[in-house]
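Enquirer: Please see the structure below; I have some questions.
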Amino acid sequence: MPWGARFEGKENVRKALAMRFEGLPDVHYGKDEHFFDSTADTGISKWTLTGTTPDGTPKEVQGCDFYTFRDGKVIRKDSYWKIVE
Numbered sequence: 001m002p003w004g005a006r007f008e009g010k011e012n013v014r015k016a017l018a019m020r021f022e023g024l025p026d027v028h029y030g031k032d033e034h035f036f037d038s039t040a041d042t043g044i045s046k047w048t049l050t051g052t053t054p055d056g057t058p059k060e061v062q063g064c065d066f067y068t069f070r071d072g073k074v075i076r077k078d079s080y081w082k083i084v085e
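Heads up: the sequence shown runs through residues 1 to 85, numbered per UniProt numbering.
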């Protein structure tokens, strides 16, 4: 069964991201790699997120995002991530 949340529209995406990053106020994305296939209008981003929770616990998350584009805009983004222990 799929798990996750779906957000449509700029404002809803903005609000969802703001809520996510409240838990990691010093969030940083790094070690990123990006791949784009213009013939298929698809792309992939691989990344590592680091940050510290409000109680001082360091977090590291590795993930990737799969994109579908139409007319130069993202029309779909599927994210997969794993918390590194």
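Yeah, the Cβ is synthetic: ideal placement off N, Cα and C, and Gly gets one too.
Verify whether the separation of the beta carbon atoms of T52 and Q62 is less than 9 Å.
Expert: Taking the sequence shown and counting its residues from 1, the one referred to as residue 52 is at position 52. Taking the sequence shown and counting its residues from 1, the one referred to as residue 62 is at position 62. No; because the gap between Cβ atoms is not below 9 Å, this pair is not in contact.
Enquirer: Please return the same chain residues whose Cβ sits closer than 6 Å to the Cβ of L24, not counting the five positions on each side in sequence.
Expert: Position 24 of the sequence shown holds residue 24. Answer for L24: G51, listed in chain order.
Enquirer: My output table needs one value for R76: the three-state DSSP class, helix, strand or coil.
Expert: Here the question's residue 76 lines up with position 76 in the sequence shown. Reduced to three states, the DSSP call for R76 is strand.
Enquirer: Which residues does DSSP pair with T48 in a beta bridge?
Expert: Numbered from 1 along the sequence shown, position 48 holds the residue referred to as residue 48. According to DSSP, which records beta bridges pairwise, T48 is partnered with G30, Q62.
Enquirer: May I ask you to report which of helix, strand or coil DSSP gives F7?
Expert: Residue numbering aside, residue 7 sits at position 7 when the sequence shown is read from its first letter. Looking at F7 - three-state DSSP - the assignment turns out to be coil, as it is neither helix nor strand.
Enquirer: With G43 and F69 assumed to form a contact (beta carbons below 8 Å), what rounded beta-carbon distance in angstroms separates them?
Expert: Within the sequence shown, residue 43 is the residue found at index 43, counting from 1. Within the sequence shown, residue 69 is the residue found at index 69, counting from 1. Indeed, because the Cβ distance is near 7 Å, the residues count as touching under 8 Å.
Enquirer: Within its chain, find whatever has a CB closer than 6 Å to the CB of K59; leave out the 5 residues flanking it on each side and keep chain order.
Expert: As a working mapping, residue 59 is identified with position 59 in the sequence shown. Here the set comprises G51.
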